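Engineer: If you count the sequence shown from 1, you need to add 267 to reach our numbering.
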Amino acid sequence: MPLSHLLLALAVVAVWGTNFVVIKVGLGEMPPLLFATLRFALSSLPLLLFVRRPAVAWRHLIGYGLFMGLQFALLFLAMRQDISPGLASLLMQSQVFMTLLLVAVVQHERMALPQLAALAIATLGFMLIGWQSFDQSHADVTPLGLTLALGGALSWACANLISRSIGKVDMLGFMVWSSLFALPPLLLCTLWFEGPAQLAATLPHISLAAWGAVLWQAAGNTLFGFGAWGWLLARHPAVTITPMALMIPIFGMGASSLLLGEELQSWKLAATALVIGGLALNVLAGRLSRRG
Numbered sequence: 268m269p270l271s272h273l274l275l276a277l278a279v280v281a282v283w284g285t286n287f288v289v290i291k292v293g294l295g296e297m298p299p300l301l302f303a304t305l306r307f308a309l310s311s312l313p314l315l316l317f318v319r320r321p322a323v324a325w326r327h328l329i330g331y332g333l334f335m336g337l338q339f340a341l342l343f344l345a346m347r348q349d350i351s352p353g354l355a356s357l358l359m360q361s362q363v364f365m366t367l368l369l370v371a372v373v374q375h376e377r378m379a380l381p382q383l384a385a386l387a388i389a390t391l392g393f394m395l396i397g398w399q400s401f402d403q404s405h406a407d408v409t410p411l412g413l414t415l416a417l418g419g420a421l422s423w424a425c426a427n428l429i430s431r432s433i434g435k436v437d438m439l440g441f442m443v444w445s446s447l448f449a450l451p452p453l454l455l456c457t458l459w460f461e462g463p464a465q466l467a468a469t470l471p472h473i474s475l476a477a478w479g480a481v482l483w484q485a486a487g488n489t490l491f492g493f494g495a496w497g498w499l500l501a502r503h504p505a506v507t508i509t510p511m512a513l514m515i516p517i518f519g520m521g522a523s524s525l526l527l528g529e530e531l532q533s534w535k536l537a538a539t540a541l542v543i544g545g546l547a548l549n550v551l552a553g554r555l556s557r558r559g
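(1) Keeping to the same chain, check which residues put their C-beta closer than 7 Å to that of Trp-534; ignore five residues upstream and five downstream.
(2) Helix, strand or coil for Ile-350 per DSSP?
(3) Helix, strand or coil: which one does DSSP assign to Val-408?
(4) What are the complete alpha helix (DSSP H) segments, minimum 4 residues, inside the stretch 288-323?
(5) So the candidates are Trp-283, Phe-339, Met-346 and Leu-357; which of them puts its Cα closest to the Cα of Leu-536?
(6) Assuming Gly-440 and Val-279 are in contact, meaning their beta carbons sit under 8 Å apart, how far apart are those beta carbons, in whole angstroms?
(7) Relative to the C-alpha of His-375, which candidate in Leu-428, Ile-350 and Arg-320 has its C-alpha closest?
(8) In this structure, does DSSP put Glu-529 in helix, strand or coil?
(9) Looking at Ile-433: is its Cβ nearer than 9 Å to the Cβ of Ala-276?
(10) In chain order, which alpha helix (DSSP H) runs of at least 4 residues are fully inside the stretch 462-490?
(11) Give the secondary structure of His-503 by DSSP, where H, G and I count as helix, E and B as strand, and everything else as coil.
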């Protein structure tokens with residue numbers, strides 16, 4: 268892989284990892300459901316005229332959009348005050364193993380022994396976080412935050428199941444067009460749960476920094492992230508590119524510690540090591556199965 272392509276892959280992973288800090292900035296000034304609504308509005312509406320609709324069934328676009336909308340709604344609700352950005356970046360990686368389990372249940376694909384071992388290792392890390400959530404001396408995660416974040420990861424896994432069924436498509440176009448269908452339910456939930464009065468009081472006072480956080484969700488996380496990732500996957504084998512994603516929680520934890528002062532206690536480092544170890548073993552298992 269050329270150095271420029273390697274640097275591009277690292278840039279995408281850095282954007283996705285540090286995005287959890289950006290989310291925290293946005294949540295400091297706007298309620299979570301409004302934030303999610305604005306995120307998907309900017310990810311779709313300004314781009315529909317310029318990005319061609321991918322050649323997939325409408326049901327796939329609708330289903331993917333609904334699950335991704337639910338994912339970010341639950342994640343933003345969790346991050347409002349019930350989980351730190353670093354731990355959120357780590358817990359969201361559970362979507363990898365949830366996807367494997369859904370594929371096994373829905374599509375009847377058996378998990379190989381190394382994949383089961385990877386799942387067991389990562390589960391120990393998630394259980395460690397869950398155990399700490401019941402310790403009231405830790406403000407970094409609560410049982411509610413844990414539940415919401417895992418719910419968001421499950422929604423992401425359901426979306427993965429849809430994207431897996433459609434094969435190779437223009438992922439940027441797929442993200443833009445599917446984002447459109449996340450908007451109606453998110454807007455309705457925003458109006459119902461957060462209320463028109465709160466929205467009217469919030470919108471005029473959102474700072475440039477918070478609007479920048481919303482824009483970053485659309486331009487950085489979606490357009491650059493998925494666009495560049497799809498470009499790289501079109502030019503290199505998936506086994507070369509996908510292992511880079513192992514660094515997402517590393518960037519997430521590091522950025523949250525450096526920029527927001529999140530403490531990296533020994534239990535967090537242990538949980539991170541277990542989860543990344545499980546993810547790495549899962550990637551290795553995929554490589555071995557393809558060679559076999």
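All residues carry an ideal CB built from backbone N, CA and C; glycine is no exception.
This structure is a prediction, so every number in the text was calculated from the model and none was measured.
Structural biologist: By the coordinates alone:
(1) Leu-395 and Gln-399
(2) Three-state result, Ile-350: strand.
(3) strand
(4) The stretch 288-323 contains these whole alpha helix (DSSP H) runs: 299-311.
(5) Leu-357
(6) 18 Å between Cβ atoms; not a contact.
(7) Leu-428
(8) coil
(9) no
(10) 462-469 and 475-483
(11) coil
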